[in-house]
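Colleague:
There are 2 protein chains.
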Amino acid sequence: MSPNQRAPSRRARAKSEEFPTPTRQQSERRLNELARARIVIEEIWPRIDCGAFPLKRVTGDAIAVWADILCDGHEIIGAAVHWRHQGTRSWSIMPMRHVDNDRWRGGFALERAGLHEYAIEAWRDLFATWRAGCLKKRQAGQPVDVEVLAGRELVERARDGASRTNTRALDALLAEIDAADDAAAALLSPGTEETMSRLGPKADVTRSATFEVYADRPAAAFSAWYELMPRSQSGSADRHGTFDDVIARLPYVRDLGFDVLYFPPIHPIGRTKRKGRNNSLEAGPDDPGSPYAIGAPEGGHDAIHPELGTFDDFARLVAAAQEHGLEIALDFAIQCSLDHPWIKEHPEWFDWRPDGTIQYAENPPKKYEDIVNVHFYGEALPDLWFALRDVVLFWIAHGVKIFRVDNPHTKPLPFWQWMIREVQTRHPEAIFLAEAFTRPKMMKRLAKIGFTQSYSYFTWRETKPEFIEYLTELTQTECREYMRPNFFANTPDINPHHLQTGGRPMFRARLVLAATLAGNYGIYNGFELCEAEPVPGREEYLDSEKYEIRAWDWDRPGNIRDDVALLNRIRHEHQAFRNFSGLRFYNAWNDHILYYGKMTPAMDSFVLVFVNLDPHNVQGADVEVPLWEFGLPDHASIEAVDLVRDTRFTLNGKVHHIRLDPDESPYAIWQLLPRRSAP
Amino acid sequence: MSPNQRAPSRRARAKSEEFPTPTRQQSERRLNELARARIVIEEIWPRIDCGAFPLKRVTGDAIAVWADILCDGHEIIGAAVHWRHQGTRSWSIMPMRHVDNDRWRGGFALERAGLHEYAIEAWRDLFATWRAGCLKKRQAGQPVDVEVLAGRELVERARDGASRTNTRALDALLAEIDAADDAAAALLSPGTEETMSRLGPKADVTRSATFEVYADRPAAAFSAWYELMPRSQSGSADRHGTFDDVIARLPYVRDLGFDVLYFPPIHPIGRTKRKGRNNSLEAGPDDPGSPYAIGAPEGGHDAIHPELGTFDDFARLVAAAQEHGLEIALDFAIQCSLDHPWIKEHPEWFDWRPDGTIQYAENPPKKYEDIVNVHFYGEALPDLWFALRDVVLFWIAHGVKIFRVDNPHTKPLPFWQWMIREVQTRHPEAIFLAEAFTRPKMMKRLAKIGFTQSYSYFTWRETKPEFIEYLTELTQTECREYMRPNFFANTPDINPHHLQTGGRPMFRARLVLAATLAGNYGIYNGFELCEAEPVPGREEYLDSEKYEIRAWDWDRPGNIRDDVALLNRIRHEHQAFRNFSGLRFYNAWNDHILYYGKMTPAMDSFVLVFVNLDPHNVQGADVEVPLWEFGLPDHASIEAVDLVRDTRFTLNGKVHHIRLDPDESPYAIWQLLPRRSAP
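Those protein sequence lines, which keep their order, are chains A and B. Read in order, the letters of the first sequence are residues -14 to 664 in the numbering used here. Read in order, the letters of the second sequence are residues -14 to 664 in the numbering used here.
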């Protein structure tokens, strides 16, 4: 040790020990891990949260897969998408193509409902690289003797690693090369290129992480819902409705053009602390209670309220609905009445207070004393999770494949993620609608973790800028990859103030907005009658069906059944409405007129919608007909069909004037028919 | 079997078998995995490629960590960042705060160089939730007897799980509650709140993935480089320069204000196929060859070219540079001359052609017959990787901690990712500059996988819109998190045409642009002499030092040494220039005048730069002085210092006129000194 050196102090040693030098073994392990992925496959798109959740599509769609793919050096690379359906062991392979700037594109068609997984593989294409270099040298007049040897070696290498069939093809190719006068020409021929692009050696094959896409059946993305309370279908407020009464109502719902008929819970209703009419704390002896207070001595979530009928009656209803082109959707509401059998059978699924009483639902200082919530953790895990899953499977076995889920944001997110996958693995056609009205990120998370459809903020969007902002977010940002809003114009819980004050013109405007802006939309019965009688000062219905049996006059004057039927027919006849993200807002120089186009990606279905948001006044506006969407100049002409009046006309030039009288019609819908240029 | 039932057909069975129902065990495993993460922690920001790569910062920075954190229900949640330096076992904890809309923010300070890892933990805060509910009930006048029992239970639960010290505090708290006249008030007191926020029970603790941030020493983000060829420093083209000649040049470089002195390779140079002057294929007997043809019988990458000196000479040079405030940077160029010892020692590291000859470097039809490339896979893995790592560690042991890496994009990316981490684990202060001029995504990937700094497209950006677009991308998009460009105004390989044609005004303009737009910038010697003699028609230097020894007159008339010294001084004196992303372009109504502000986040250092991009004509423009950045109205006054002329003046109002005469000064730099309002 020289005089300038000192033994390191204890403190310095302690400090240096904080940087533990990796052992040769550790270094080598990391080296081998990293070396495995020589080719970069990054920026895979579309994806949700780094691939944590499946993209959503419907059967019949093709999924495009984009990625940046790059490698050191100048070698030519190849890439392919490997994909399979959840139930298939083997992978299918679709080649990818380089687009530009190291961006590649591939994809595959979704033919079966269910979860699909896919990954990208990329490799260095040795023969293509050799070929490009050899060609350049030959073109530059350089000798290629050694290159020919190298090229032939690549064919041999392919042959040595090939299956029996391919061995034969590659042996033939080798014989051809050896017999050729110009071996270089034979190696560089298009035939050799083709064979070697399929069978040639792939070096440094690198595989990306695996991603998922869920293919729902088309109804997941396009459906019109009609909600009613079965017990209110007898035609008399004095008689509890039955499933047979609902069967009698099916032609009405069918004629309105709906696809889905949705019922609030149909299970036995608790008696203890039952709510009375208008949500009063004391129920009268004949009050039926809220169907959301689920469970009574007759049974819980897997039972039917006796006054509605039997399981046989229910089976007849499901079949009759199907005959009318309607599918039944049921409510899945996890809370229990105080009389639910689970409370006795599984006290460990519930919260108990220090005084030994059960913890009823509350949101302090509000109390919901007629219901109790299960908890999902502690002793409830995993049995409660399985029990709830089995409730859903039970109703699927009884012919129901659509579930509207009540308040999912108050139950653990992992539960939904698990339960929905559990069900859809067995029944890929199952649909879950999340009834969450809560904070935006919770709404989005529920959609990401598996809910097929989502309630939305539609009911609280009223002005033109609000609609443009909200629909732009829904249709033009990442959330279109996983969130499918279902625009309900009203619900038993929401009697929005604009309907209370806007009258019939407002009902018609909101109907058009819901039906044309969203793939999925719905109304709760009474909407078509322009019913909006509120609990004074609140956005709730007076004499709500939630707490009593009602009878309605379905032919009530001023009803808008014609509009409903018309809108549902137009939706079905024009593909544009099935393409939720095919939405563009256009200029209408009037803040009360919302004006937008709906279109398919191929632009072969193109519809313009004009809505007067002001229910009280005639509004007019100059509007721009989007000739540019078809590559037409501003002075061009285009054919149009008024889908409401069923008239055909020609629009000359870009700017036109539209006038919408709320009393006459607060909306207009035009189909554009651009003349296809001769081929 | 009823008459309506049939045994399923074989096909139907096969189909159903494709959906294998998960076993109870599989379902339960997935349930338990998902259940563990009850709380959502998502959209963690900043991050690079989903967290695949460390963010880049320098010591002294604080890193902000943002995330969306949410949970089912209405419980109050808590969150914290857990972080540690690479060499420390224990985690430090910094609480996070809710900002808005489920967005949380936390962070920590980077005090030591090296890799740091961090994760977010979130939990349901049972006591805070209890407290909020109990308070609301009390305020609503409801009885809270049972709540008091529940609150006390939470304190007990905390006590039961606490460390000895905390047990004492919690026992005291329990005693206090029990002794209180109003137990509810004691439980709801601020003191109890504080204690329980620290020690109270955390439910459903959920931890995010782990992310990384690398803290470089500050020189990684802020440095001025001067490049020279040691062999050209003798003052005579007839005598090979030595390290001692370089030592004699240190005062010159120091006076120019540079921080880093960078040399192309200093290793023995091959003789076989040596390149002659001006890259000719035949070298004369006295031609020194290209320093990039590394390796000769005297040694390879761990040897010094004998004519430059010995390792002792090198050690003196390193020490002398340090005394002059300069740090030596070396070139790390992996290619070998045909005389490199490795070719005989490790033939398995090289490619051999079918005719038995070594595969020299080529990019068909171009051939680089004086050098050969190693390959990194096959038999070269892992020994070559370790050998190359050890070359870097060897030079670090000789006092070099900055490496300019030649053509990294032609070597496997996993090698760099592995090698840089290997070195920086041992030497967190090591800096690697990627000399890649290639496609944008490759440039970015090199930065992501660990290169400290990157060569850039600066040399090919010439017009105002080009600068605005490129600098906006570099400073305002995600790549600012990982890419630190080093703006070289010229290099031995690049004699850009704008310098060839723009003369002295262009040299001055390019100097200002490089020095003020980038944290790191550099020049290759001769730039300060306005040297731009090209190989005719090419962006290369005539009589390039790459192939011959040159001697320069450092006092050559027309030199811009004063500008260089001034710019380096201004950069050092104003913090704004250390904040690469603190850049905003402002309005100057003239397409030839580029006008921008540089600023610190706190705006306590704020400098405006005006550059005339036209070397031939006087250009003037109205410009907007950004009073709004300081919250000042358009008619306000602000103090300014002209940092070039060292004058102080007052700017009255927003719009001013600037006039830049290329012959006089093609640039102006003003510091703004807003009057701080009285506190």
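All residues carry an ideal CB built from backbone N, CA and C; glycine is no exception. Every value quoted in this text rests on a predicted model; they were computed, and no experiment measured them.
Once DSSP output is grouped into helix, strand and coil, what is the label at Gln656 of chain B?
Modeller: Position 671 of the second sequence, counting from 1, holds the residue named residue 656 of chain B. DSSP places Gln656 of chain B in strand when its eight states are reduced to three.
Colleague: Step through the CB atoms of chain B and report whether any lies within less than 8 Å of the CB of Glu364 of chain A.
Modeller: Counted from its first residue, the first sequence places residue 364 of chain A at position 379. Cβ-Cβ to chain B under 8 Å: no for Glu364 of chain A.
Colleague: For Ile434 of chain A, does the three-state DSSP call read helix, strand or coil?
Modeller: Counting from one through the first sequence, the residue named residue 434 of chain A turns up at place 449. Coil.
Colleague: Residues in the same chain with beta-carbon distance under 7 Å from Thr437 of chain A, minus the five sequence neighbours each way, listed in chain order, please.
Modeller: Counted from its first residue, the first sequence places residue 437 of chain A at position 452. Spatial neighbours of Thr437 of chain A in its own chain (CB-CB distance under 7 Å, excluding positions within 5 residues in sequence) are listed in chain order as Asp201, Ala205, Ile416, Phe417, Leu418, Arg469.
Colleague: Got a sec, what are the start and stop residues for the alpha helix (DSSP H) Glu420 of chain B sits in?
Modeller: Here residue 420 of chain B refers to the residue found at position 435 of the second sequence. Note, Glu420 of chain B: premise wrong, no alpha helix (DSSP H); beta strand (DSSP E) at 416 to 420.
Colleague: Helix, strand or coil for Trp108 of chain A per DSSP?
Modeller: For this step, residue 108 of chain A is matched to residue 123 along the first sequence. Of the three classes helix, strand and coil, the one that applies to Trp108 of chain A here is strand, per DSSP.
Colleague: Assuming the contact rule is C-beta atoms closer than 8 Å, Ile222 of chain B and Ile578 of chain B should be a hit. Round their C-beta distance to whole Å, please.
Modeller: Against the second sequence, residue 222 of chain B aligns to sequence position 237. Against the second sequence, residue 578 of chain B aligns to sequence position 593. The amino acid occupying residue 222 of chain B in the given sequence is Ala; Ile does not appear at that position. Not a contact, Cβ separation roughly 41 Å.
Colleague: Please confirm whether Pro339 of chain A has its beta-carbon closer than 8 Å to some beta-carbon of chain B.
Modeller: Residue numbering aside, residue 339 of chain A sits at position 354 when the first sequence is read from its first letter. Pro339 of chain A counts as touching chain B.
Colleague: Who are the near neighbours of Val129 of chain A in its chain, counting only those whose CB is closer than 8 Å to its CB and skipping five residues on each side?
Modeller: Position 144 of the first sequence, counting from 1, holds the residue named residue 129 of chain A. Excluding positions up to five away in sequence, the list reads Cys119, Lys122, Arg123, Ala169.
Colleague: By how many angstroms is the C-alpha of Gly220 of chain A removed from the C-alpha of Met541 of chain A?
Modeller: Reading the first sequence from its first residue, position 556 is the one you call residue 541 of chain A. Reading the first sequence from its first residue, position 235 is the one you call residue 220 of chain A. Reading off the sequence shown, one finds Arg at residue 541 of chain A, where the question assumed Met. Arg541 of chain A and Gly220 of chain A: Cα-Cα distance of roughly 14 Å.
Colleague: For Phe296 of chain A, count the other beta carbons within 10 Å of its own beta carbon; 16 or more makes it buried, fewer makes it exposed. Which is it?
Modeller: Locating residue 296 of chain A in the first sequence gives position 311, where the first residue counts as 1. With fewer than 16 Cβ atoms within 10 Å of its Cβ, Phe296 of chain A is classed as exposed.
Colleague: Run down chain B in chain order and give the residues with a C-beta less than 8 Å from the C-beta of Glu138 of chain A.
Modeller: Indexing the first sequence from 1 puts residue 138 of chain A at position 153. Correct list: Pro339.
Colleague: Please report whether the beta-carbon of Ser193 of chain B lies at a distance below 8 Å from any beta-carbon of chain A.
Modeller: Taking the second sequence and counting its residues from 1, the one referred to as residue 193 of chain B is at position 208. Contact of Ser193 of chain B with chain A is not assigned, every C-beta pair being separated by 8 Å or more.
Colleague: Name, in chain order, the residues that DSSP records as bridge partners for Ala606 of chain A.
Modeller: If you number the first sequence from 1, residue 606 of chain A lands on position 621. Per DSSP, A:Ile643.
Colleague: Three Cβ pairs or more, each shorter than 8 Å: is that satisfied between the segment 544 to 553 of chain A and the segment 581 to 589 of chain A?
Modeller: no
Colleague: Return the chain-ordered ranges of every alpha helix (DSSP H) run that is complete within the segment 335 to 389 of chain A and spans a minimum of 4 residues.
Modeller: 368 to 382
Colleague: In this structure, how does DSSP classify Pro664 of chain B when only helix, strand and coil are distinguished?
Modeller: Here residue 664 of chain B corresponds to residue number 679 of the second sequence, with the count starting at 1. The predicted position of Pro664 of chain B is uncertain, since its pLDDT is 40 and thus under 50; no value can be drawn from it.
Colleague: Do Ala241 of chain B and Glu513 of chain B have their C-beta atoms within less than 8 Å of each other?
Modeller: Looking up residue 241 of chain B in the second sequence gives position 256. Looking up residue 513 of chain B in the second sequence gives position 528. The sequence shown places Leu at residue 241 of chain B, not Ala. Cβ distance < 8 Å, so Leu241 of chain B and Glu513 of chain B count as in contact.
Colleague: Roughly how far, in whole angstroms, is the beta-carbon of Pro651 of chain B from the beta-carbon of Ala494 of chain B, given that I think they are within contact range, below 8 Å?
Modeller: As a first step, residue 651 of chain B must be located in the second sequence, where it is residue number 666. As a first step, residue 494 of chain B must be located in the second sequence, where it is residue number 509. Rounded, the Cβ-Cβ distance is 5 Å, consistent with contact.
Colleague: Taking 8 Å as the cut-off, decide whether the C-beta atoms of Trp89 of chain B and Ala117 of chain B are in contact.
Modeller: Here residue 89 of chain B corresponds to residue number 104 of the second sequence, with the count starting at 1. Here residue 117 of chain B corresponds to residue number 132 of the second sequence, with the count starting at 1. Contact flag unset, no.
Colleague: Comparing C-alpha positions only, which one of A:Gly294, A:Ala318, A:Pro282, A:Gly261 sits nearest to Ile328 of chain A?
Modeller: Start at 1 with the first residue of the first sequence, and residue 328 of chain A comes out as number 343. Looking at the Cα atoms, A:Pro282 is the closest of the given residues.
Colleague: Spell out a yes or no on whether the segment 603 to 622 of chain A and the segment 471 to 485 of chain A are touching, meaning 3 or more CB-CB pairs, one atom from each, closer than 8 Å.
Modeller: With the cut-off at 8 Å, the segment 603 to 622 of chain A and the segment 471 to 485 of chain A do not touch.
Colleague: Straight-line CA distance for Ala(-8) of chain A to Asp189 of chain A?
Modeller: Position 7 of the first sequence, counted from the first residue, corresponds to residue -8 of chain A. Position 204 of the first sequence, counted from the first residue, corresponds to residue 189 of chain A. Low per-residue confidence applies at Ala(-8) of chain A: pLDDT is 47, beneath 50, and the placement is therefore not dependable, though the value from the model is reported in the following sentence. Cα atoms of Ala(-8) of chain A and Asp189 of chain A: separation of roughly 48 Å, rounded to the nearest angstrom.
Colleague: What does Trp370 of chain B touch in chain A if you count any residue whose Cβ is under 7 Å from its own?
Modeller: Residue numbering aside, residue 370 of chain B sits at position 385 when the second sequence is read from its first letter. Result: Leu16.
Colleague: May I ask you to list, following chain order, the residues of the segment 117 to 131 of chain A that have a beta carbon less than 7 Å from some beta carbon of chain B?
Modeller: Gly118, Lys121, Lys122, Ala125, Gln127, Val131
Colleague: Of all Cβ atoms in chain B, is any one closer than 8 Å to the Cβ of Trp403 of chain A?
Modeller: What you label residue 403 of chain A is simply residue 418 of the first sequence in a count that begins at 1. Yes, contact with chain B.
Colleague: Within 8 Å (strictly less), CB to CB, does Gly294 of chain A reach chain B?
Modeller: The residue given as residue 294 of chain A occupies position 309 in the first sequence. Chain B contact via Cβ: absent.
Colleague: Any beta carbon of chain B sitting closer than 8 Å to that of Asn264 of chain A?
Modeller: The residue given as residue 264 of chain A occupies position 279 in the first sequence. Judged by the 8 Å Cβ criterion, Asn264 of chain A is not in contact with chain B.
Colleague: Under 8 Å Cβ to Cβ from Ala536 of chain B, same chain only, skipping five residues before and after it: list those, please.
Modeller: On the second sequence, position 551 is the one that residue 536 of chain B refers to. Within its own chain, the residues whose Cβ lies closer than 8 Å to the Cβ of Ala536 of chain B, once the five positions on either side in sequence are excluded, are Ser217, Ser219, Gly220, Ser221, Ala222, listed in chain order.
Colleague: Please report how far the alpha carbon of Leu172 of chain A lies from the alpha carbon of Asp156 of chain A, in whole angstroms.
Modeller: Within the first sequence, the letter at position 187 stands for residue 172 of chain A. Within the first sequence, the letter at position 171 stands for residue 156 of chain A. Those two C-alpha atoms are separated by around 13 Å.
Colleague: Report yes if the CB atom of Leu213 of chain A is closer than 8 Å to the CB atom of Leu311 of chain A, and no otherwise.
Modeller: Numbered from its first residue, the first sequence carries residue 213 of chain A at position 228. Numbered from its first residue, the first sequence carries residue 311 of chain A at position 326. The Cβ atoms of Leu213 of chain A and Leu311 of chain A do not sit closer than 8 Å to each other.
Colleague: Restricting to Cα atoms, I'd like to know which of B:Phe591, B:Glu407, B:Arg224 is closest to Gln10 of chain A.
Modeller: Numbered from its first residue, the first sequence carries residue 10 of chain A at position 25. Comparing Cα-Cα distances from Gln10 of chain A to each of B:Phe591, B:Glu407, B:Arg224, the minimum goes to B:Glu407.
Colleague: Using only the alpha-carbon positions, how far apart do Pro326 of chain B and Gly284 of chain B sit?
Modeller: Here residue 326 of chain B refers to the residue found at position 341 of the second sequence. Here residue 284 of chain B refers to the residue found at position 299 of the second sequence. Approximately 6 Å, taken between the alpha carbons.
Colleague: Asn597 of chain B bridges to which residues according to DSSP?
Modeller: Here residue 597 of chain B corresponds to residue number 612 of the second sequence, with the count starting at 1. BP columns for Asn597 of chain B point to B:Ile578.
Colleague: Name the residue from B:Glu624, B:Val131, B:His70 whose alpha carbon lies nearest to the alpha carbon of Ala98 of chain B.
Modeller: Stepping through the second sequence from its first residue, residue 98 of chain B is reached at position 113. When each option's Cα is compared against that of Ala98 of chain B, the closest is B:His70.
Colleague: Between Trp370 of chain A and the rest of its own chain, which residues show a CB-CB distance below 8 Å, the 5 nearest in sequence each way excluded?
Modeller: Reading the first sequence from its first residue, position 385 is the one you call residue 370 of chain A. Phe361, Phe400, Trp403, Met404.
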